[in-house]
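Reminder that position 456 of the sequence shown reads as 456 in full-length UniProt numbering, one-by-one numbering, no gaps.
What follows is a set of notes on a single structure, which appears directly below.
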Amino acid sequence: MRLASTGTIIHGVAVGEVLGVSTLAGARLIAGERGLGRIVQRLNVMEVPDVLAWVKPHELLLTTGYPLRNTPQSLDRLVADLDERGLAALAIKLGRYLDRLPEEMVEQADRLGFPLIQLPDDVGFDDILNQVLTDILNRQAAVLARAEEAHRALVQVVLAGGGLREVTAEVAGLLDVAVAVLDGTGQVLAAAGPAEHLAALRGAPEGGHTSVPVVAGGHHHGRIVACGPVGSVRDSDVGILERAATVAALVVTRQEAVNAVESKYRADFLRDVLTGRAGGSERVASRAKAFGWDLERPVTVLVAELDPEGDERVAQDRLVTCWTAAMRRHDPRGAVAGFSHEVVAVVDAAVDTGRLAKDAAAAFAECLPATFSTGASRVAAGAETLPEAYGQALKAARVGRQLHGPGAVAHFDQLGVYRLLSLVNDTAELHAFVRETLGPLASDDDAENADLRRTLQVLLDTNLNVAETARRLHFHYNTLRYRIGKLERMLGNFTEDAHLRLNLTLALHVLRMRGI
């Protein structure tokens, strides 16, 4: 679009078209033929020396040369000054105050592509002003009327229940070009138009096309793009694309409202299934099919729970979106829904749950500086076992975060003894058990404590195999024997007492659990 710097006129006529009006039939182009496509949106008359302070972009400047009669040398610089200010052309009457234009001025106009027009002597400025301004206003009115007509047609499409596909088809028919609506990632949501232009649009949607953003509620939802032969999308067509973008935003907003309601129904139903309140297996299977879900096959339940920190509302919405997209790729018949603080997915037991969680996490990380922990259940054979599987997945997500920190992915079967320890709600009792069992090793007051705990952990892991422990810790055998003696003086004779070794193992496990 060529927008005027002031006023409301945003369309105009080319300099070449201005030369075709009847009042300028006797006008002659002196120089600047390359600039005949410059747009004229207003006219001005220069009869004062300091006119440069008053000119505006896209003006056709008319003059008799009167203010330059005593300073013809200033004509050399005039073309550059006018071109720099964005004027469309300079039209001058010769013979009364100036007999001819300097060669340097003509050469400069040709070099800059700035049209210099010699006006006929028998035409008054008022006739030129009236006729050209009338043409500009008629052009403006015609463009606005066409845009309004297109807007009404597009609104009727939406009122009749049409979506983005129908909107793009209507715009493509109006402009005779290929039109597409792209989402924020550049994916084509809907497209229509001539096949050859549509192929070019799909092949390179990022460049060489006319594009208008689709904005609704302050959010950028993508853009509407038009592609056709060179020059086929005119400035006046951009107004129609802007109207189409407004209507597309209305369609997107409407669809988001529908999706929000559908998401609530899906989430409510899945919550009922996972809490055992959805009814019998046949009823659950029947209702699940209405959502496109298959809950009659062996499945795994996944729970993705947001880790603390960050804007929870924004993160939760994005988490649902990322998991839904990942599920669509890995298991189109799987169930997925967002609850208040988590996303629950029910996927085919054959799906690689680790890869699914990784794909969702990658998409989530691209948008927000936040993380989530994921837990996976054992395989559930049917709808009646889903509540138990949901509890397993939830437990795996929370214990996995305690063990490995934010962003953990854990399977219920891999939790081992941590599963039992997580059932102890009295964390003060767990802390007391650790202090009583490990004594001074329970704290990090002494820098050596962590090193001794590491030695103890490897000893227990190798079932007191001194040689293997020394190899893993890169200690000399005698050094390790000295450390074992020191540990026994602090903790008791654990090399001989199996029950003490069990207590020590459990205490070390509790220390590994975060957030208790």
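Cβ atoms here follow ideal geometry from the backbone N, Cα and C, with glycine treated the same way.
For residue j and residue i, the rounded distance between their alpha carbons
i, j, result
"E488", "W323", "51 Å"
"A337", "E149", "42 Å"
"G20", "L137", "16 Å"
"V48", "G26", "26 Å"
"G416", "A507", "15 Å"
"H404", "A326", "23 Å"
"S286", "A357", "28 Å"
"D110", "L24", "21 Å"
"A190", "S263", "23 Å"
"V458", "R472", "8 Å"
"L29", "A141", "29 Å"
"A169", "P332", "29 Å"
"D420", "V510", "Reading the sequence as shown, one finds Leu at residue 420 and not Asp. Between L420 and V510, the C-alpha separation is close to 11 Å."
"D348", "W293", "10 Å"
"A257", "V55", "50 Å"
"V238", "T210", "8 Å"
"V171", "Q414", "57 Å"
"E342", "G218", "27 Å"
"V40", "G124", "19 Å"
"S281", "F494", "53 Å"
"R454", "E496", "20 Å"
"V15", "V314", "52 Å"
"L61", "L90", "5 Å"
Reduced DSSP secondary structure (H/G/I, E/B, other) of residue i
i, result
"T469", "helix"
"V299", "strand"
"H474", "coil"
"E496", "coil"
"F364", "helix"
"residue 532", "Only positions 1 to 516 of the chain appear in this structure, which leaves residue 532 out of reach."
"V314", "helix"
"V458", "helix"
"R192", "Sequence check: residue 192 is Ala here, not Arg. DSSP places A192 in strand when its eight states are reduced to three."
"L464", "coil"
"L182", "strand"
"H220", "strand"
"L198", "helix"
Residues of its chain near residue i, where Cβ-Cβ distance is below 6 Å and the 5 sequence neighbours each way are ignored
i, result
"G86", "P57"
"I484", "none"
"R401", "S373, A408"
"E296", "A285"
"G228", "V177, H197"
"G113", "G32, R34, G35"
"G207", "At G207 the pLDDT is 49, less than 50, meaning the model places this residue with poor confidence and gives no usable figure here."
Continuous beta strand (DSSP E) stretch holding residue i: start and end
i, result
"Q118", "116 to 118"
"L43", "42 to 45"
"A383", "From DSSP, A383 is part of no beta strand (DSSP E); its letter is neither H nor E."
"V51", "From DSSP, V51 is part of no beta strand (DSSP E); its letter is neither H nor E."
"L164", "Premise fails: L164 lies in the alpha helix (DSSP H), 164 to 175, not in any beta strand (DSSP E)."
"residue 523", "Nothing in the structure corresponds to residue 523, since the chain is present only between 1 and 516."
"R28", "28 to 31"
Boundaries of the alpha helix (DSSP H) in which residue i is found, first to last residue
i, result
"P387", "386 to 404"
"A290", "281 to 290"
"R435", "427 to 438"
"L19", "No alpha helix (DSSP H) holds L19; DSSP gives it neither H nor E."
"R419", "417 to 421"
Cβ-based neighbour list, residue i, same chain, cut-off 8 Å, excluding 5 preceding and 5 following
i, result
"N478", "none"
"P205", "Any answer about P205 is weak, because its pLDDT of 49 lies below 50 and its placement is not dependable; what the coordinates show is given next. Excluding residues within five positions, the ones whose Cβ falls inside 8 Å are A180, L182, G186, V188, V225."
"A381", "P298"
"A470", "H476, Y477, T479, L480"
"F412", "G375, A376, S377, R378, Q392, A393, K395, A396, R419"
Beta-bridge partners of residue i, as assigned by DSSP
i, result
"D122", "Beta-bridge pairing links D122 to no other residue."
"L211", "The identity of residue 211 in the sequence shown is Ser, whereas the question assumes Leu. Partner(s): V225."
"D348", "V299"
"L90", "L61, L116"
"I39", "A14"
"H411", "A376"
Residue i at chain C interface by Cβ criterion, 9 Å
i, result
"A470", "Protein chain content of the structure displayed is limited to a single chain, and chain C is not contained in it."
Residues near residue i in its chain [Cβ-Cβ closer than 7 Å; skip 5 each side]
i, result
"T437", "N503, L504, A507"
"H220", "G184, P213"
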